[in-house]
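Student: In my numbering, the protein residues as written are 171 to 426. All C-beta atoms in this analysis are idealised placements derived from N, C-alpha and C, irrespective of residue type, glycine included. Only a predicted model underlies this, so the values are computations on that prediction, with no experimental measurement involved. Handing you this structure, nothing more for now.
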Ligand SMILES: Nc1ncnc2c1ncn2[C@@H]1O[C@H](COP(=O)(O)OP(=O)(O)OP(=O)(O)O)[C@@H](O)[C@H]1O
Ligand SMILES: [Mg+2]
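Given below as structure tokens:
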């Protein structure tokens with residue numbers, strides 16, 4: 171699924187509800203992702219940010235609410251289904267396959283979409299896979315010397331960069347990133363966010379979850395604030411003050 175010309179909303183989540191037993195993690199959450207726009211989703215621990223993201227990308231099923239991709243109602247059945255719809259996610263817990271190589275991880279899950287990269291990226295095509303992997307990591311300023319090493323041998327930061335590279339490389343509609351730079355140093359974080367901005371400039375819709383509010387104010391176009399399972403407000407990142415965002419996250423009134 172690719173961008174529909176003139177359509178200004180890539181993904182719309184409306185009234186999303188999710189229970190975990192007696193716990194109501196999401197209580198009617200609404201979120202809109204627009205092509206070319208970076209939306210930061212902020213909120214206190216346990217507000218429901220990761221849960222909402224997992225519902226949008228098919229990792230969890232909602233109990234209620236509606237998802238629309240390019241204005242079409244969809245039931246995202248699985249993360250594989252989300253991939254087919256052009257939506258890739260960087261999870262807070264990364265979800266790489268530790269025993270597969272760096273290159274295999276970059277291509278992980280692509281079999282379903284490409285009709286079997288084993289076919290066209292077969293044994294003789296491993297060279298092409300390596301070129302693509304090296305390029306995707308290189309765009310993030312990462313140089314992994316041996317792409318055949320298992321991911322469990324990478325540093326936390328290298329793993330995080332690989333997860334971001336994979337999402338940005340394959341996404342055609344949206345990329346959802348849950349704390350994508352938590353394991354990265356300041357230099358590497360800056361490169362990742364430059365890459366994210368470039369991806370948005372190419373027309374991707376981007377959702378970034380982060381507790382680094384000052385960084386979100388400079389990187390994102392819009393800031394959505396979540397509290398107790400709902401998105402309580404959405405603000406223009408260029409026109410809001412740090413203290414106001416934190417006040418909203420914690421439930422105080424915004425200072426005049
Ligand atoms: N699989 C699960 N089973 C039971 N409860 C869960 C599960 N996943 C999340 N929760 C609960 O749902 C609520 C929302 O969790 P969620 O992970 O979405 O929060 P978050 O906003 O991402 O927080 P953080 O900033 O700490 O990552 C929390 O109370 C959490 O304990
Ligand atoms: Mg979370």
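DSSP beta-bridge partners for residue 190?
Tutor: Locating residue 190 in the chain shown gives position 20, where the first residue counts as 1. Its beta-bridge partners are 193.
Student: Should residue 242 be labelled buried (16 or more other beta-carbon atoms within 10 Å of its own) or exposed?
Tutor: As a working mapping, residue 242 is identified with position 72 in the chain shown. Exposed is the call here.
Student: Along the beta strand (DSSP E) that carries residue 428, what are the first and last residues, could you check?
Tutor: No information on residue 428 is available, as it lies outside the stretch 171 to 426 that the chain covers here.
Student: Would you decide whether residue 219 is buried or exposed? Buried here means 16 or more other CB atoms lie within 10 Å of its CB.
Tutor: Counting from one through the chain shown, the residue named residue 219 turns up at place 49. The residue in question, residue 219, is buried, as its Cβ has 16 or more Cβ neighbours within 10 Å.
Student: I'd like the span of the beta strand (DSSP E) that includes residue 346, first residue to last.
Tutor: Sequence index remark: in the chain shown, residue 346 carries index 176 (1-based). Segment 344-348, the beta strand (DSSP E) holding residue 346.
Student: I'd like to confirm something about residue 224: is its beta-carbon nearer than 7 Å to some heavy atom of ligand 2, or not?
Tutor: As a first step, residue 224 must be located in the chain shown, where it is residue number 54. Outside the cutoff, so no.
Student: Would residue 324 and residue 332 qualify as a contact pair, given that the criterion is a beta-carbon distance under 8 Å?
Tutor: As a first step, residue 324 must be located in the chain shown, where it is residue number 154. As a first step, residue 332 must be located in the chain shown, where it is residue number 162. Yes, the pair counts as a contact, with Cβ atoms nearer than the cut-off.
Student: Taking residue 407 as the reference, give the member of 401, 320, 397, 385 with the closest Cα.
Tutor: In the chain shown, the residue the question calls residue 407 occupies position 237. Ranking 401, 320, 397, 385 by Cα distance to residue 407 puts 385 first.
Student: Is any heavy atom of ligand 1 found at a distance shorter than 7 Å from the C-beta of residue 218?
Tutor: What you label residue 218 is simply residue 48 of the chain shown in a count that begins at 1. Flag set: Cβ of residue 218 near ligand 1.
Student: In the DSSP output, what is residue 212 paired with across the bridge?
Tutor: What you label residue 212 is simply residue 42 of the chain shown in a count that begins at 1. According to DSSP, which records beta bridges pairwise, residue 212 is partnered with 395.
Student: Is residue 348 a contact residue of ligand 2, with contact defined as CB to any heavy atom under 7 Å?
Tutor: If you number the chain shown from 1, residue 348 lands on position 178. Yes.
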